[in-house]
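J.: The structure under discussion is supplied below as structure tokens; questions concerning it will follow.
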Amino acid sequence: MLALELDYETGWQDAVELGRLGEKRGIKVQYRGQESIAVHSREALIEGLAKTKTTFRQRNLYCQFDLGTLADHELLDLEAKATRLGDYILAGHLLRDVDGVWPQEAQ
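Structure (structure tokens):
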């Protein structure tokens, strides 16, 4: 089955009607307002937050490294940047489902 992912802010408003239309044609329509990212290192967190955000979704950034290794001011700076982007930095043990990984594996 083909899938169409609505990756824009008001996609939730279109999801039901497009879902009905898609179902008739064998297309699954999906909308997600957030995504869970497993972040494997301090460097990956810094690099990921520095890149241009390509989605409107809130990214929950689950740090798979010890946040205690960051200096207080560095963690505050990274949290402020994440907040400006509409994202959250969270402890890794809270992660349930993974939508993405930082850093991305080379392809």
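So the sequence shown is residues 429 to 535, counted in our numbering.
Ideal Cβ placement from N, Cα and C applies to all residues, glycine included.
For clarity, every value in this text was computed on a predicted model and none was experimentally measured.
Whose C-alpha, out of Tyr490, Gln486, Leu434, is nearest the C-alpha of Ala519?
T.: Your numbering for residue 519 matches position 91 in the sequence shown. When each option's Cα is compared against that of Ala519, the closest is Tyr490.
J.: With DSSP as the reference, label Ala510 as helix, strand or coil.
T.: Within the sequence shown, numbered from 1, the residue matching residue 510 stands at position 82. Looking at Ala510 - three-state DSSP - the assignment turns out to be helix.
J.: Taking Val467 as the reference, give the member of Lys509, Asp442, Gly461, Gly476 with the closest Cα.
T.: To locate residue 467, count along the sequence shown from 1; it is residue 39. Nearest C-alpha to Val467: Gly476.
J.: Please classify Leu504 as buried or exposed, where buried requires at least 16 neighbouring CB atoms within 10 angstroms.
T.: As a first step, residue 504 is located in the sequence shown; it is residue number 76 there, counting from the start. It is exposed - the Cβ of Leu504 has fewer than 16 other Cβ atoms within 10 Å.
J.: Do Ala478 and Ile455 come within 9 Å of each other at the CB atom, strictly closer than that value?
T.: One-based indexing of the sequence shown puts residue 455 at position 27. One-based indexing of the sequence shown puts residue 478 at position 50. No, Cβ-Cβ distance for Ile455 and Ala478 is not below 9 Å.
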